[in-house]
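K.L.:
Here it is, the structure in full.
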């Protein structure tokens, strides 16, 4: 085994290291598709040739896919990755200058960084002094390149048959009209604008309009309660709030304007008054006559925005000028306002989109995420549009009016790249293959996964059934704070392992450390940290630099601490094991909740599982598992024992759940994220501390779980 050499600090205009390796692994041949086929006793499937079975350790890219891929081999990746680590300034400046428009080039120093709290204030800067505008690069630049008549956005409404399209030039016109309205209503460079909207085309339009005039947008997921929205308004003090009167998710109507009204009353009582609320009339959900209204503050979008000119002067900004705030909320305390800036974020999100999805100009791309989350910022709006892509925007629920809706949309728009969450994959898997196989899906060529580790059985179902064993899966790991993909497969470049995020993206240096912060070499498990910065790293927490440093940089000085646990296998593949606070310490054994969940879901009668830790008087912590069964399967003591035995066999007796809690459903947000803090409170019987459940797709599931607690 090759001993890894620790990297030095970057000075921003030179090289970081003269020597290079991949966490102790440099055997390229072992990862080459043709070589892997020849390894004795190695079970492997090849794209397009055979389905992936439970015994297959590797999924090999086909020669045809690899030959047409943007990164066609592990060797090509390794050469590029090596340069990105040894010469990050040269690597990223080459991409920035060749693929984006800059009104003025950046200073001689491409980047500067301090990730060590012992050396002073944490600071990250990329392309400082460079003058650009991300809206111009998303729209004007592509139009000038001849893409004006290309479809930029396909919009699919909640109800089948309700749809729309915008070309790049049409999108630019609508963005400019809204930008002019914002300017006319007092929004200036650096001002905040809060956006609380569903997945209408007007949501990315609003984001781009803010970026065009140098306003800082803060998109709040249109599922948060009025209290949560008020918190964010109070913190960033917006000039304008942009919303929609209502939205339908499936058969349920949600009156968003009522929520905004309550939030604005709350914020005013706390000293933050908003003079203007721009409201889009979503006629399919609620007409304007039924919408509550405050004269003098509220303005109908359709009445005023279309009257403005379709051209708007670009506000050129420094690369380090703020682009957006995105608040992340924990179970307690004030939400954290993650601040991303313009230049580095632009370069990194566009580059990750291009390579991680093997993007081609002919692709039609659909990410099911909401723009209220980071995925919707980076991989619905900015990353795809910077590449001149055609993007599907879906307003509705993925299982409405039936569980085949996703594949109906795929066929309708000839989607080639489909990016979604493991939770949705498992949910659709539970509904049965017939809802998938009755649709063609022949257009699909790349699949993607985001949000949490995807267990191997769900990975194989996604690969075999949805992708018909011919579509590679980009199982991406990243965070709100990172802005873009950190660890991800590159389709066609190397074999995949079901459930592994595989290898780091260009410029990313993951390290695993022990509890004392010592780097661990080779095959191991530990805390996942990142050393050295990357262009899209968040720069601070809004108005809270101290919390920024204490949360992310103080735990392991010299590194960015991700908060995630991770395993690196003997081949150098990275396997995310979940949040460190989702690691359960049972009698001295540290067990990742994702590992136990994966074992449970491998049981043929288990559709989904969520595991949390609870206090145990003997073991310190016990394992508490919420289990959703396959439709038609009944709860029984025999099945409970079978599930526990499955975990014992796959992981060990120490990982056997102490409690199996039958769950008709799990508490999920409308974007599909499981609200684990609610599960922890139910498991520990702290029912008076459940907190805000307003973002749940089905709040009623909480009462169902409470009723089944003693079954």
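Residue numbers (the working numbering): 157 to 867. Where is the CB? At the ideal position from N, CA and C, for every residue including glycine.
1) How many Å lie between residue 672 and residue 447 at the Cα?
2) Thinking just about the alpha-carbon of each residue, which of 760, 838, 792 is nearest to the one in residue 782?
3) For my contact list, residue 714 and residue 736 are in at a C-beta cut-off of 8 Å; report their separation, rounded to the angstrom.
4) Pair every Cβ in the stretch 436-444 with every Cβ in the stretch 364-380, then say whether three or more of these pairs are closer than 8 Å.
5) Are the beta-carbon atoms of residue 330 and residue 361 separated by less than 8 Å?
6) Please determine, among 807, 816, 780, the residue with the shortest C-alpha to C-alpha distance to residue 795.
7) Hey, quick one: how far does the beta strand (DSSP E) through residue 741 stretch, first residue to last?
8) Taking C-alpha atoms, which residue in 415, 730, 702, 793 lies nearest to residue 279?
9) Judging by CA-CA distance, which residue of 501, 563, 507 is the nearest neighbour of residue 524?
10) Distance, Cα to Cα, residue 547 vs residue 309?
11) So what does DSSP say about residue 862, is it helix, strand or coil?
12) Is the distance from the Cβ of residue 324 to the Cβ of residue 298 below 8 Å?
13) Would the beta-carbon of residue 511 fall within 8 Å of that of residue 333?
14) Helix, strand or coil for residue 468, going by three-state DSSP, please let me know.
15) Which partner residues of residue 404 appear in the DSSP bridge assignment?
16) Three-state secondary structure (DSSP) at residue 852?
17) With a threshold of 7 Å (Cβ to nearest heavy atom), would residue 684 be considered close to the ligand ADP?
18) Are residue 766 and residue 801 close, meaning C-beta to C-beta below 8 Å?
19) Leaving out five residues before and five after residue 368 in sequence, what residues of the same chain have Cβ atoms less than 8 Å from its Cβ?
20) Quick check on DSSP: helix, strand or coil for residue 157?
21) Going by other Cβ atoms of all chains shown within 10 Å of its Cβ, with 16 needed for buried, is residue 544 buried or exposed?
22) Just verifying my parser: in three-state terms, what is the DSSP assignment at residue 605?
23) Using the Cα positions of residue 503 and residue 266, report the straight-line distance between them to the nearest angstrom.
24) Using three-state DSSP, classify residue 665 as helix, strand or coil.
25) Cα separation between residue 387 and residue 348?
26) For residue 236 and residue 641, I'd like the C-alpha separation in whole angstroms.
27) Between the alpha carbons of residue 834 and residue 770, how many angstroms are there, rounded?
28) If residue 352 sits next to residue 403, beta carbons under 8 Å apart, how far is it from one beta carbon to the other, in whole angstroms?
29) Please classify residue 257 as buried or exposed, where buried requires at least 16 neighbouring CB atoms within 10 angstroms.
30) I think residue 780 touches residue 738, with their Cβ atoms under 8 Å apart; what is that distance to the nearest whole Å?
31) Look up residue 830 in the DSSP assignment and give the residues it is bridged to.
32) Unbroken beta strand (DSSP E) runs of length 3 or more, entirely within the stretch 330-357: which are they?
33) Classify residue 369 as helix, strand or coil using the three-state DSSP reduction.
34) In chain order, which continuous runs of the beta strand (DSSP E) of length 3 or greater are located wholly inside the stretch 286-315?
35) Under three-state DSSP, which class holds residue 748?
36) Determine the extent of the beta strand (DSSP E) in which residue 771 is found, giving its start and end residues.
P.N.:
With the given structure in hand:
1) As a position in the chain shown, residue 672 is number 516, starting the count at 1. As a position in the chain shown, residue 447 is number 291, starting the count at 1. If I take the Cα positions, the gap works out to 57 Å.
2) Position 626 of the chain shown, counted from the first residue, corresponds to residue 782. The shortest C-alpha separation from residue 782 is found at 838.
3) In the chain shown, the residue the question calls residue 714 occupies position 558. In the chain shown, the residue the question calls residue 736 occupies position 580. With 8 Å as the limit, residue 714 and residue 736 do not qualify as a contact, their Cβ atoms being about 18 Å apart.
4) The answer is no - the stretch 364-380 does not touch the stretch 436-444, with fewer than three Cβ pairs under 8 Å.
5) The residue labelled residue 330 in the question sits at position 174 within the chain shown. The residue labelled residue 361 in the question sits at position 205 within the chain shown. A contact, by the Cβ cut-off of 8 Å.
6) To locate residue 795, count along the chain shown from 1; it is residue 639. Of the listed residues, the one whose Cα sits closest to residue 795 is 816.
7) On the chain shown, position 585 is the one that residue 741 refers to. Note, residue 741: beta strand (DSSP E), 739-742.
8) One-based indexing of the chain shown puts residue 279 at position 123. Among 415, 730, 702, 793, the Cα nearest to that of residue 279 belongs to 702.
9) As a working mapping, residue 524 is identified with position 368 in the chain shown. Answer by Cα proximity: 563.
10) Indexing the chain shown from 1 puts residue 547 at position 391. Indexing the chain shown from 1 puts residue 309 at position 153. Approximately 5 Å, taken between the alpha carbons.
11) For the purposes of this step, residue 862 is taken as the residue at position 706 of the chain shown. The answer is helix: DSSP assigns residue 862 an H, G or I state.
12) The residue labelled residue 324 in the question sits at position 168 within the chain shown. The residue labelled residue 298 in the question sits at position 142 within the chain shown. Going by C-beta atoms, residue 324 is nearer than 8 Å to residue 298.
13) Numbered from its first residue, the chain shown carries residue 511 at position 355. Numbered from its first residue, the chain shown carries residue 333 at position 177. Result no, Cβ atoms of residue 511 and residue 333 do not sit closer than 8 Å.
14) What you label residue 468 is simply residue 312 of the chain shown in a count that begins at 1. In the structure shown, residue 468 sits in coil (DSSP, three-state: anything other than H, G, I, E or B).
15) Mapped onto the chain shown, residue 404 falls at position 248. Paired residue(s): 409.
16) In the chain shown, the residue the question calls residue 852 occupies position 696. Looking at residue 852 - three-state DSSP - the assignment turns out to be strand.
17) Within the structure as shown, the ligand ADP is missing, as the structure has no ligands at all.
18) Reading the chain shown from its first residue, position 610 is the one you call residue 766. Reading the chain shown from its first residue, position 645 is the one you call residue 801. Cβ distance not < 8 Å, so residue 766 and residue 801 don't count as in contact.
19) Here residue 368 refers to the residue found at position 212 when the chain shown is read from its first residue. Counting only Cβ-Cβ distances below 8 Å, and skipping sequence neighbours, we find 289, 291, 292, 331, 332, 335, 468, 470, 471.
20) For the purposes of this step, residue 157 is identified with residue 1 of the chain shown, where counting begins at 1. Residue placement at residue 157 is flagged as unreliable, the pLDDT there being 25, under the threshold of 50; the coordinate-derived value follows with that caveat. DSSP places residue 157 in coil when its eight states are reduced to three.
21) Within the chain shown, the letter at position 388 stands for residue 544. The residue in question, residue 544, is buried, as its Cβ has 16 or more Cβ neighbours within 10 Å.
22) Mapped onto the chain shown, residue 605 falls at position 449. Note: residue 605 maps to strand in three-state DSSP.
23) Here residue 503 refers to the residue found at position 347 of the chain shown. Here residue 266 refers to the residue found at position 110 of the chain shown. Their Cα atoms are separated by approximately 13 Å.
24) Stepping through the chain shown from its first residue, residue 665 is reached at position 509. Coil at residue 665, not helix or strand.
25) Residue numbering aside, residue 387 sits at position 231 when the chain shown is read from its first letter. Residue numbering aside, residue 348 sits at position 192 when the chain shown is read from its first letter. Between residue 387 and residue 348, the C-alpha separation is close to 14 Å.
26) By one-based count along the chain shown, residue 236 stands at place 80. By one-based count along the chain shown, residue 641 stands at place 485. Their Cα atoms are separated by approximately 16 Å.
27) The sequence position of residue 834 within the chain shown is 678, counting from 1. The sequence position of residue 770 within the chain shown is 614, counting from 1. Going from the Cα of residue 834 to the Cα of residue 770 covers about 13 Å.
28) Here residue 352 refers to the residue found at position 196 when the chain shown is read from its first residue. Here residue 403 refers to the residue found at position 247 when the chain shown is read from its first residue. With a Cβ gap of about 11 Å, residue 352 and residue 403 do not count as contacting.
29) Numbered from its first residue, the chain shown carries residue 257 at position 101. Its Cβ having fewer than 16 others within 10 Å, residue 257 is exposed.
30) Sequence index remark: in the chain shown, residue 780 carries index 624 (1-based). Sequence index remark: in the chain shown, residue 738 carries index 582 (1-based). Between residue 738 and residue 780 the Cβ distance is about 12 Å, and since that is not below 8 Å, they are no contact.
31) Translated into positions along the chain shown, residue 830 becomes position 674. According to DSSP, which records beta bridges pairwise, residue 830 is partnered with 824.
32) The DSSP assignment places complete beta strand (DSSP E) segments of no fewer than 3 residues inside the stretch 330-357 at 348-352, in order along the chain.
33) Indexing the chain shown from 1 puts residue 369 at position 213. Note: residue 369 maps to coil in three-state DSSP.
34) 307-312
35) Locating residue 748 in the chain shown gives position 592, where the first residue counts as 1. Correct three-state label for residue 748: strand.
36) Within the chain shown, numbered from 1, the residue matching residue 771 stands at position 615. That run of the beta strand (DSSP E) goes 762-772.
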